[in-house]
Amino acid sequence: MLFVAPWLITFIWFTLGPFIASFYLSFTSYRFHDFPTWIGFENYTRLFTDDAKFVRSVLNTLYYTAVHVPGIMLLAFFVALLLNQKVRGQPIFRTAFYLPSVTAGVATAFLWIVLLQPNGLINQALGLVGIEGPRWLTSTAWAMPALILMSFWGLGTTMIIYLAALQGIPQHLYEAASVDGAGVVRKMWHVTVPMMTPAIFLTAVLQIIGSWQVFTQALIVTNGGPRDSTLFILLHLYRTGFEYFQMGYASAIAWILFVIILIFTIIQFGFARRWVYYEGANER
Amino acid sequence: MVSTEPITIRSTSARVFKTLVRILVYLLLIGGSLMYAIPFVFMVRWSVMTIGQFYEPGLIWPIPMAWENYSTVWNTGPLLWWILNSTIVTFTASTVGVLAACLVAYGFSRVEFPGNRILFMVLLSTMMLPGHVTIIPQVIIFRELGWLDSIVALIVPGLGGGAFYIFILRQFFMTIPIELDEAARTDGASRLGILFRVIMPLSKPAIATVAVFSFIGNWNEFFLPLVILNSPDRLTLAVGMRYFSAGQYGAQMHNLQMAISVIAVGPIIVAFFLAQRHFIRGITLTGIKG
Numbered sequence: 000m001l002f003v004a005p006w007l008i009t010f011i012w013f014t015l016g017p018f019i020a021s022f023y024l025s026f027t028s029y030r031f032h033d034f035p036t037w038i039g040f041e042n043y044t045r046l047f048t049d050d051a052k053f054v055r056s057v058l059n060t061l062y063y064t065a066v067h068v069p070g071i072m073l074l075a076f077f078v079a080l081l082l083n084q085k086v087r088g089q090p091i092f093r094t095a096f097y098l099p100s101v102t103a104g105v106a107t108a109f110l111w112i113v114l115l116q117p118n119g120l121i122n123q124a125l126g127l128v129g130i131e132g133p134r135w136l137t138s139t140a141w142a143m144p145a146l147i148l149m150s151f152w153g154l155g156t157t158m159i160i161y162l163a164a165l166q167g168i169p170q171h172l173y174e175a176a177s178v179d180g181a182g183v184v185r186k187m188w189h190v191t192v193p194m195m196t197p198a199i200f201l202t203a204v205l206q207i208i209g210s211w212q213v214f215t216q217a218l219i220v221t222n223g224g225p226r227d228s229t230l231f232i233l234l235h236l237y238r239t240g241f242e243y244f245q246m247g248y249a250s251a252i253a254w255i256l257f258v259i260i261l262i263f264t265i266i267q268f269g270f271a272r273r274w275v276y277y278e279g280a281n282e283r
Numbered sequence: 000m001v002s003t004e005p006i007t008i009r010s011t012s013a014r015v016f017k018t019l020v021r022i023l024v025y026l027l028l029i030g031g032s033l034m035y036a037i038p039f040v041f042m043v044r045w046s047v048m049t050i051g052q053f054y055e056p057g058l059i060w061p062i063p064m065a066w067e068n069y070s071t072v073w074n075t076g077p078l079l080w081w082i083l084n085s086t087i088v089t090f091t092a093s094t095v096g097v098l099a100a101c102l103v104a105y106g107f108s109r110v111e112f113p114g115n116r117i118l119f120m121v122l123l124s125t126m127m128l129p130g131h132v133t134i135i136p137q138v139i140i141f142r143e144l145g146w147l148d149s150i151v152a153l154i155v156p157g158l159g160g161g162a163f164y165i166f167i168l169r170q171f172f173m174t175i176p177i178e179l180d181e182a183a184r185t186d187g188a189s190r191l192g193i194l195f196r197v198i199m200p201l202s203k204p205a206i207a208t209v210a211v212f213s214f215i216g217n218w219n220e221f222f223l224p225l226v227i228l229n230s231p232d233r234l235t236l237a238v239g240m241r242y243f244s245a246g247q248y249g250a251q252m253h254n255l256q257m258a259i260s261v262i263a264v265g266p267i268i269v270a271f272f273l274a275q276r277h278f279i280r281g282i283t284l285t286g287i288k289g
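Those sequence lines, one after another, are chains A and B. When the first sequence is numbered by numbering that gives the first Met the number 0, its final residue is 283 and no position is left out of the sequence of numbers. When the second sequence is numbered by numbering that gives the first Met the number 0, its final residue is 289 and no position is left out of the sequence of numbers.
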């Protein structure tokens, strides 16, 4: 028991306590320098009936999640497959693909601001293949795709997890499939993908949780704009809580965010039984 | 005898096909990795350019280099304090945090105590809990403790180990045969002795993985310091950099943004290269693959 004490203490003090407190605060009006006053469901009613920005932020975040998560998983899977082809210089390629995940944060955001300028590197590259790039960051239609594009640069961790899983697939399964006359495609579909399902499931859960909490890019690159087209839930929470100091109301936003993520996670665990294959799970 | 001919034809074409696929794989890898790594080269290049040189056609590298960008950045904000603060936070939170994670993971993998399983389930579920849900009461707690505007608030919550790191280490500790513990115990080792002399040396790759994750996470942490810190000389580098957010200067600042980005990204890239061999091995060996 003594061994788990460090975690238990910080958990109770900085997670469990605040978790319960934020539930309470979400039913109050609280401006940080006064006492919270109980106002019942008023914050929640306001969120859904009288706060267009909040609804917008939920839809924006949903849009981002719907494209970012499948996109980054497919891309990371593809890169991991390439890296798993027993290529020379594999460590160098691997490091190159992982590097952007190491530097995630404000520096990456600054870099992408420059890359996404109307005459920046990305539009220059598009110009080489005859496409006229959009004005990414100042267009309400293109700002969100710009942030999603930027997010694909950070596929490193997902890719490394897939690579580790690919390397863990026993070779004899492929040999057995060859004996049965399976080609490349069928080996992929009947050996690789089933053996990868635990890794795919894990990354899907983590990516969805992370993508509902996008913040840094939205604040630094677009600051929610133009015209709220990249206003994410967390950015709305930050402004409400720490710029306008409406902390009761911000707590209600936090709880909606929590419930959304909880629902997504529960749905994923519910469906997991149908498609995730755990080796040796039958024997247990 | 007759059937050998078509087979040789097929195997030659199969070989040609295989070679083509290999060439394609290399082309995709080279192209892709350039797309992922080249922006860093551009970051350095832009950091030593004047704004006028940014879109100058045909210019490959600026001569003379505009080193004054770095001195401008250095003189604009208390950069020394930001670097110092970030370093203190990253080192304390990472080293103590990883050590604590080892202790806790050992507790969950080796020590039977009442509530063991339930607490582990709680730990797993906190991994699903978005950290930002608790931010407002956390800030209130920090205020009551007098930690607002202080890096202490960035260090202390992580000292318990962090759920994800504990989980990774616990999964790895479980793969170490319990017989080794028993052998050490008959030699008179205490529980702590077993952890430090048997389990931890055998878990170097897993510990390296967790340490790298923790180091990167702490160095790049943005949301919490943004909310907690206020005075210019108390900021961490990640938050201080915000001074160079475009604002009214717009494009005039891009070279300065690149200069401070190089300063911020440099240490973490160096640290990653130092640890990467263990780090990759750790990911392959630990249960992170699901």
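We put the CB at the ideal spot given by N, CA and C, even for glycine. Given the structure is predicted, the values throughout are model-derived calculations rather than measurements.
Rounded C-alpha distance that separates residue i from residue j
{"i": "B:Ser-124", "j": "A:Ser-210", "result": "18 Å"}
{"i": "A:Ala-164", "j": "B:Met-252", "result": "43 Å"}
{"i": "A:Leu-261", "j": "A:Ile-255", "result": "10 Å"}
{"i": "B:Pro-231", "j": "B:Leu-147", "result": "14 Å"}
{"i": "B:Asn-84", "j": "B:Val-103", "result": "27 Å"}
{"i": "B:Arg-233", "j": "A:Leu-98", "result": "29 Å"}
{"i": "A:Gln-245", "j": "A:Ser-25", "result": "10 Å"}
{"i": "B:Asn-115", "j": "B:Met-127", "result": "19 Å"}
{"i": "A:Thr-157", "j": "B:Phe-212", "result": "13 Å"}
{"i": "A:Gly-313", "j": "A:Leu-73", "result": "Given that chain A is displayed from residue 0 to residue 283, the structure contains no residue 313 of chain A and the question cannot be resolved."}
{"i": "A:Phe-77", "j": "B:Phe-278", "result": "22 Å"}
{"i": "B:Tyr-248", "j": "B:Phe-53", "result": "With a pLDDT of only 48 at B:Tyr-248, under 50, the local geometry of the prediction cannot be trusted, and the value read off the model is given with reservation. Roughly 16 Å between the two C-alpha positions."}
{"i": "B:Phe-243", "j": "B:Leu-255", "result": "7 Å"}
{"i": "B:Thr-283", "j": "A:Gln-166", "result": "8 Å"}
{"i": "B:Leu-118", "j": "B:Gly-106", "result": "11 Å"}
{"i": "B:Met-48", "j": "B:Arg-280", "result": "39 Å"}
{"i": "B:Phe-195", "j": "A:Leu-172", "result": "39 Å"}
Under 8 Å between C-beta atoms of residue i and residue j
{"i": "A:Leu-81", "j": "B:Leu-27", "result": "yes"}
{"i": "B:Leu-153", "j": "B:Glu-220", "result": "yes"}
{"i": "A:Thr-215", "j": "A:Gly-104", "result": "yes"}
{"i": "A:Phe-2", "j": "B:Val-110", "result": "yes"}
{"i": "A:Thr-102", "j": "B:Ile-62", "result": "no"}
{"i": "B:Ala-237", "j": "B:Gly-161", "result": "no"}
{"i": "A:Ile-259", "j": "A:Thr-239", "result": "no"}
{"i": "B:Ser-10", "j": "A:Leu-110", "result": "no"}
{"i": "A:Ser-28", "j": "A:His-235", "result": "no"}
{"i": "A:Gly-315", "j": "A:Phe-96", "result": "Outside the modelled stretch of chain A, which goes from 0 to 283, sits residue 315 of chain A, for which no answer is possible."}
{"i": "A:Val-213", "j": "A:Phe-231", "result": "yes"}
Cβ of residue i within 8 Å of any chain A Cβ
{"i": "B:Pro-129", "result": "yes"}
{"i": "B:Ser-12", "result": "no"}
{"i": "B:His-253", "result": "yes"}
{"i": "B:Asn-219", "result": "yes"}
{"i": "B:Ala-274", "result": "no"}
{"i": "B:Leu-201", "result": "no"}
{"i": "B:Pro-77", "result": "no"}
{"i": "B:Trp-81", "result": "no"}
{"i": "B:Met-173", "result": "no"}
{"i": "B:Thr-185", "result": "no"}
{"i": "B:Pro-231", "result": "no"}
{"i": "B:Ile-177", "result": "no"}
{"i": "B:Leu-147", "result": "no"}
Test: residue i CB closer than 8 Å to a CB of chain B
{"i": "A:Met-246", "result": "yes"}
{"i": "A:Pro-144", "result": "no"}
{"i": "A:Val-3", "result": "yes"}
{"i": "A:Ala-285", "result": "A query on residue 285 of chain A cannot be resolved here, the shown segment of chain A reaching from 0 to 283 and no further."}
{"i": "A:Pro-69", "result": "no"}
{"i": "A:Asn-118", "result": "yes"}
{"i": "A:Val-54", "result": "no"}
{"i": "A:Gly-39", "result": "no"}
{"i": "A:Pro-99", "result": "yes"}
{"i": "A:Gln-166", "result": "yes"}
{"i": "A:Ser-228", "result": "no"}
Sheet register partners of residue i (DSSP bridge)
{"i": "A:Ser-28", "result": "A:Thr-36"}
Residue i: CB within 7 Å of a non-hydrogen atom of the ligand FMN
{"i": "A:Leu-218", "result": "Absence of the ligand FMN from the depicted structure is noted, as is the absence of any ligand whatsoever, leaving it without description."}
Cutoff 8 Å: residue i Cβ touching any chain E Cβ
{"i": "B:Pro-156", "result": "Absent here is chain E; the protein component of the structure consists of chains A and B."}
If we require 4 or more residues per run, which alpha helix (DSSP H) segments fall completely within the segment 87-126 of chain A?
Note on the segment 87-126 of chain A: whole alpha helix (DSSP H) runs with a minimum of 4 residues are 89-101, 105-114, in chain order.
Secondary structure, alpha helix (DSSP H): runs of 4+ residues fully inside the segment 167-255 of chain B
Taking only runs of at least 4 residues, the alpha helix (DSSP H) segments lying wholly in the segment 167-255 of chain B are 177-185, 190-193, 203-219, 222-227, 236-239.
Enumerated in chain order, which unbroken segments of the alpha helix (DSSP H) with a length of 4 residues or greater are wholly contained in the segment 43-102 of chain B?
If we require 4 residues or more, the alpha helix (DSSP H) runs fully inside the segment 43-102 of chain B come out as 67-75.
Going along the chain, which unbroken runs of the beta strand (DSSP E) with 3 or more residues stay wholly within the segment 239-283 of chain A?
List check, beta strand (DSSP E) in window: nothing returned.
Kindly provide the ranges of any alpha helix (DSSP H) runs that are 4 or more residues long and lie completely inside the segment 134-187 of chain A, ordered along the chain.
Entirely contained in the segment 134-187 of chain A, the alpha helix (DSSP H) runs reaching 4 residues are, in chain order, 142-151, 155-166, 170-178, 183-186.
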